[in-house]
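Student: First residue of the sequence shown: -11, per the working numbering; consecutive thereafter.
Where a beta carbon is used, it is the ideal one built from N, C-alpha and C, also for glycine.
This structure is a prediction, so every number in the text was calculated from the model and none was measured.
Mind having a look at this structure? Questions to follow.
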Amino acid sequence: MREATLEDILRARDRRAEKQKQLIQEYVLPLVSFTINIPGTIKSSP
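Okay, here's the thing in structure tokens:
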């Protein structure tokens, strides 16, 4: 597995922000979001 680059991290942050905007517009409710930073190779989850 490869390490995440700064570009990967920034791109993921932008995707999260866009998804959060979509959810807020769709449901018109508060949104709580948590992220965790774990060093090492790229993690994937379902």
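Taking only the alpha-carbon atoms, compute the straight-line gap between T23 and Y15 and give it to the nearest angstrom.
Tutor: Indexing the sequence shown from 1 puts residue 23 at position 35. Indexing the sequence shown from 1 puts residue 15 at position 27. One C-alpha to the other measures close to 21 Å.
Student: Does chain B have any CB closer than 8 Å to the CB of S21?
Tutor: Absence of chain B from the displayed structure is noted, only one protein chain being present.
Student: Can you tell me the Cα-Cα spacing of R(-10) and Q8, whole angstroms?
Tutor: Numbered from 1 along the sequence shown, position 2 holds the residue referred to as residue -10. Numbered from 1 along the sequence shown, position 20 holds the residue referred to as residue 8. Cα-Cα distance, rounded: 27 Å.
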